[in-house]
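Read the structure below first, then the notes.
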Amino acid sequence: MKWTEKQIGYIIQDMIEENPLACRALLGISEIVFTEKVPTMAVSLSARPVLNINPKFCNQHLESENDVKAVLLHEFLHVLLRHTEKYKISTPLLNIALDAIINSIIFRYKGLEYADFFRRFYKGRGIQTLLKPIPVEEFNIYLPTDGFWLDLNRKIYSGKFCADDLFELLTYLRKKITKRELLEIILLGNHDDHAKIPANIRDILDETLKKMDGVLIWSKPNLRGNDVERKSENLEIQKFKMRKWEKSTFRLLKKSLVEDKRAKTEMSSSETILPVLSSSDRRALARFNFSSIIPLSKTEYLTKTTSQRASIYLDVSGSMSSEIEAIVSLLSSFRPYIKMPLWVFSNEVEEARFVKGKLEYKTTFGTSISCVFDHLRKTKTKKCLIVTDGYVENINDSMLDNLRREDIRVLVSADGNPSIFQQVGIPYLQLEKQ
Amino acid sequence: MTGDFIEKTATPCGHRNLNNTGGPRSRVRTEKISASIFDSEQMKLQHERHELIVPQEITDIEEWVITLYHPRAFTSWEDIAGRLKIPTVRMLVVPVESSAKKNKVSKLKMLRSAVILSKCNKNYFQPESPMIFTRSRLNRSIELIQLNLEQYYEMD
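Just so you know, the sequences run in chain order E and R. Going letter by letter, the first sequence gives residues 1 to 434 in this note's numbering. Going letter by letter, the second sequence gives residues 1001 to 1156 in this note's numbering.
Encoded structure:
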């Protein structure tokens, strides 16, 4: 198929939006260069990464958009798993082991939608069969002598091997593999550039790896592609993650609670130890049965307490737009603990209101956190919780004048970057990727 | 002497305990129950349907979309989006069955669908999102829906 550079650019943009395996972080900042200096596609990791694409390879081998995405994802996984850094000397067997594992990850994550390309690209037999998923019903078109490789293929594509194990096994089986077989294989992606990874890219890769928990790739060896079973499992995982979000957010919110004198007083139960038998302490009752002395027992009583609420500042800048709904639904589940009005900020701090279950607010789409600190000083707020993605200006000491850093807590969204708060010593918690 | 009687334990759901559910086996029936808020017209504040097929031989999809307009009159995508009255609010994307009328509509309608589909990801149409002209985005049959959440509790 004849590809234009513009069309490949659009496919990459589409993939960045789709964000499979959190590839957005790296591909989103990569410069795209069309060159024949690389055999297929390769990312060179400089301070600004460059994605090199060989147009000739694309025209010759890639037939659909999914083929382009499959090769891109293959290259992204080489970078993400730091193959060129981890293995300083590349050998043909190592390259095959790494490629087979990457192709199996792509197959298990996206099914034949993406992995069909590998089936068309690697037509050979013998060791080459390890580089493509082969459905069991196609096993009969292979020769009985391929039985060993097919068995190995089944194990790789059902997630029973890691790259190191496979490499070790292939080294052991060296005698079974002919030199010709190895020479026939065209390897995808970058296998030879052993340059040091710059610090900024290292951070991006670390963050991306943290966001990948292996769900749907490594945890269920028998499920493949996008079938119903996988989708329902995905739904359960999302529910579980939402509960995890709620739990971790509540832990942080509790630390930001202060007495709200304007709110109604609440009855809360407390406990005290008295030498009076209480029906609620069954241990004490049991003890009284074999001892004539009235034991000390726990007694519950209700006391009036002032309600405790947290002042919340929610970032509603443009960069939060993709996550704002999830954050608002998370916050609405803690409504009784939120001091009204709920403050929102972009370049200025404004009041927000819950109207018919929706949060109504004004935003200027810019991001500045200094207005929040000014507002805290102006309203003499003791403790607060700031909900943001962390893409704000640098925080300096003068911005935090007259404020106790430990009384400010930050909830960083899943796609956000908490480094700015880490630098100035403001306690933060980052939500896990959904 | 043994009779010819064979106990039939198989039920439509293959479970013998469900035989005794109050009716003869012939009256036992299985049906799937499903409901969707997207089927309710009452819930839709605004909705429109879009479908398109990009011909297989096309390699530069953006160029093909421009040819649906008058290529000489083409100035910029912003200008075209303004003229086509693209929705200005975020809407949900719901996949629908494709109809036989695909690509039999006027070129202007196809152009509008192409522009809207290029701004739709898997779940949403965002008016401010960039236009991405790929086959996977454009070759779809979708309905854009803006839900009227105030009607939700009146559905009963």
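Virtual Cβ for every residue (Gly too), placed ideally from N, Cα, C. These figures come from a predicted structure and were not determined experimentally.
- Annotation for residue 287/E: 295 place their beta carbon closer than 8 angstroms to its own, counting only its chain and skipping 5 residues before and after.
- With respect to the 7 angstroms criterion, residue 278/E and residue 299/E are classified as neighbours on the basis of their beta carbons.
- Look at the region 76-155 of chain E and you find no whole run of beta strand (DSSP E) that is 3 residues long or longer.
- Annotation for residue 63/E: 1 place their beta carbon closer than 6 angstroms to its own, counting only its chain and skipping 5 residues before and after.
- About 16 angstroms separates the beta carbons of residue 1124/R and residue 1096/R, which is beyond the 8 angstroms limit, so they are not a contact pair.
- Under the three-state reduction of DSSP output, residue 384/E falls in the strand class.
- Distance between residue 404/E and residue 1140/R, taken at the CA atoms: about 54 angstroms.
- The alpha-carbon of residue 275/E is positioned some 51 angstroms away from that of residue 414/E.
- Interface annotation for the region 1065-1098 of chain R against chain E: empty, criterion Cβ-Cβ distance under 8 angstroms.
- Taking 7 angstroms as the cut-off, the beta carbon of residue 259/E is found closer than this to the beta carbon of residue 306/E.
- The DSSP assignment places 297-306 and 311-315 as complete runs of the beta strand (DSSP E) inside the region 296-342 of chain E, in order along the chain (cut-off: 3 residues).
- In the structure shown, residue 413/E falls within a coil segment according to DSSP collapsed to helix, strand and coil.
- The beta carbon of residue 1135/R falls within 7 angstroms of a beta carbon belonging to chain E, placing the residue at that interface.
- With distances taken between CA atoms, residue 1068/R lies nearest to 1111/R out of 1111/R, 1118/R and 1131/R.
- Secondary-structure assignment with DSSP links residue 1142/R through a beta bridge to 1050/R and 1095/R.
- Residues 104, 107 and 133 of the same chain have their beta carbon placed closer than 7 angstroms to that of residue 157/E, with the five preceding and five following residues left out of the count.
- When 26/E, 130/E and 196/E are compared, the shortest CA-CA separation from residue 187/E is found for 130/E.
- DSSP, read as helix, strand or coil, puts residue 273/E in strand.
- Proximity of residue 10/E to chain R, defined by a Cβ-Cβ separation below 7 angstroms, is satisfied.
- Contacts with chain R at 7 angstroms (Cβ-Cβ) do not include residue 60/E.
- A residue is called buried when at least 16 other Cβ atoms come within 10 angstroms of its Cβ; residue 33/E does not meet this threshold and is exposed.
- Cβ proximity to chain R below 7 angstroms picks out nothing from the region 315-344 of chain E.
- Taking C-beta atoms as the reference points, residue 4/E and residue 1059/R count as a pair closer than 7 angstroms.
- Looking at 369/E, 44/E and 91/E, the one whose alpha-carbon comes closest to that of residue 174/E is 91/E.
- Apart from sequence neighbours up to five positions away, the residues of its chain that approach residue 341/E with a beta-carbon distance below 8 angstroms are 351, 352 and 353, ordered along the chain.
- The alpha-carbon separation between residue 256/E and residue 30/E amounts to approximately 40 angstroms.
- Nearest neighbour of residue 184/E by Cα position, chosen from 112/E, 301/E, 128/E and 339/E, turns out to be 128/E.
- When Cβ pairs closer than 8 angstroms are counted between the two stretches, the region 311-318 of chain E is seen to touch the region 378-390 of chain E, the count reaching three or more.
- Under DSSP, residue 268/E shares a beta bridge with 303/E.
- For residue 167/E, the closest C-alpha among the options 58/E, 101/E and 327/E is that of 101/E.
- With fewer than 16 other Cβ atoms inside 10 Å of its own Cβ, residue 162/E counts as exposed.
- When DSSP states are grouped into helix, strand and coil, residue 1133/R belongs to the coil group.
- In the DSSP assignment, residue 41/E falls within the beta strand (DSSP E) that extends over 41-44.
- Assigned with DSSP and collapsed to three states, residue 209/E falls in helix.
- At least one beta carbon of chain E lies nearer than 7 angstroms to the beta carbon of residue 1121/R.
- Distances from the alpha-carbon of residue 12/E to those of 139/E, 55/E, 21/E and 68/E put 68/E closest.
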